[in-house]
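Numbering (my numbering), first residue to last: 970 to 1180.
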C-alpha cells in the first residue's frame, strides 16, 4: 500500500491576506518614495539675495565731553576686567550728564552695551534686508562706514557717513535704512549712569542688488 504525502494547500484566506499585505507594502513604498521626492523637490534653493551686514569699524573708544576740544579728549577709564563671556567690562570715573560715549571695534563694552549693540544691529539688518529686497533699481555692493548718534530714549539724533562707499546711491540708501530703523532701544540704568548720548561707528557691507 503506497503512502501519499499529504500536502496542505494554502487556504483562500491566507492567499487573500498575503496579497493584501504585499499590496500594502507596495502602496506604502510608493507613498514614502513620493513624499521623499516631494520633500527633495521643495528644498529651498539658495539664491543670490541682497543682504546687509553690519560690522564694527576699525577704531578706538572715545569718551567725549561736549565742552571739550575734540583733539584733547581723554578716556577716563579707571579699570576693566575680562568677563567669562569674553566681553570687557569698563568702570568709568564720575559720569557727566553731557558725556558722550563712542563705541567702535576695539571698544571695551559692558554687558548692557553688548546687548544694546546686538539689538541695534539686528534691527538695522532686518530693516535693511527688507528694503533691499524691494528695490527696483540695480545697486552695486560695497562698504560704507557710518556714525549713528543715539540719545538716551533711543532716538536717532544724528547720522554721518565717515567713509563713503564710492556710490552715492548706496550711501543714501544706508542712511535711509538707519533712519527707518529708528527709534532704537532706550538706555538702561547702567548706561544712563555714565552718559546720555551713544555714538556707534560701524562698517555696513552691502551685497549687489540686480533686478
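No residue lacks a Cβ here, since even glycine has one placed at the ideal position from N, Cα and C.
Close beta carbons around residue i, own chain, < 7 angstroms, minus the five adjacent residues each side
i	result
residue 1138	1108
residue 1093	1023, 1146, 1147 and 1150
residue 1178	1019, 1101, 1104, 1107 and 1108
residue 1136	1109 and 1111
residue 1081	1157, 1159 and 1160
Classification of residue i by the beta-carbon crowding that lies within 10 angstroms, buried from 16 upward
i	result
residue 1171	buried
residue 1159	exposed
residue 1163	buried
residue 1102	exposed
residue 1173	buried
residue 1075	exposed
residue 1132	exposed
Identified DSSP bridge partners for residue i
i	result
residue 1129	1116
residue 1168	1071 and 1118
Same chain, Cβ closer than 6 angstroms to residue i, five either side skipped, listed in chain order
i	result
residue 1167	1070 and 1119
residue 1022	1174
residue 1169	1072 and 1117
Close-in-space but distant-in-sequence residues of the same chain around residue i (CB under 8 angstroms, 5 per side omitted)
i	result
residue 1134	1111, 1112, 1113, 1140, 1143 and 1175
residue 1100	1142, 1145, 1146 and 1149
residue 951	Nothing can be reported for residue 951, as the shown portion of the chain is limited to 970 through 1180.
residue 1096	1146, 1149 and 1150
residue 1126	1118, 1119, 1120 and 1166
residue 1088	1153 and 1154
Anticipated Cβ contact below 8 angstroms, residue i with residue j, distance rounded
i	j	result
residue 1121	residue 1153	Contact doesn't hold; Cβ gap of about 11 angstroms is too wide.
residue 1115	residue 1129	7 angstroms
residue 1086	residue 1104	Going by Cβ atoms, the distance from residue 1086 to residue 1104 rounds to 27 angstroms, so no, they are not a contact pair.
4-residue-minimum alpha helix (DSSP H) runs that sit fully inside the region 1068-1126, ordered along the chain: DSSP runs (the alpha helix (DSSP H)) wholly in the region 1068-1126: 1080-1102.
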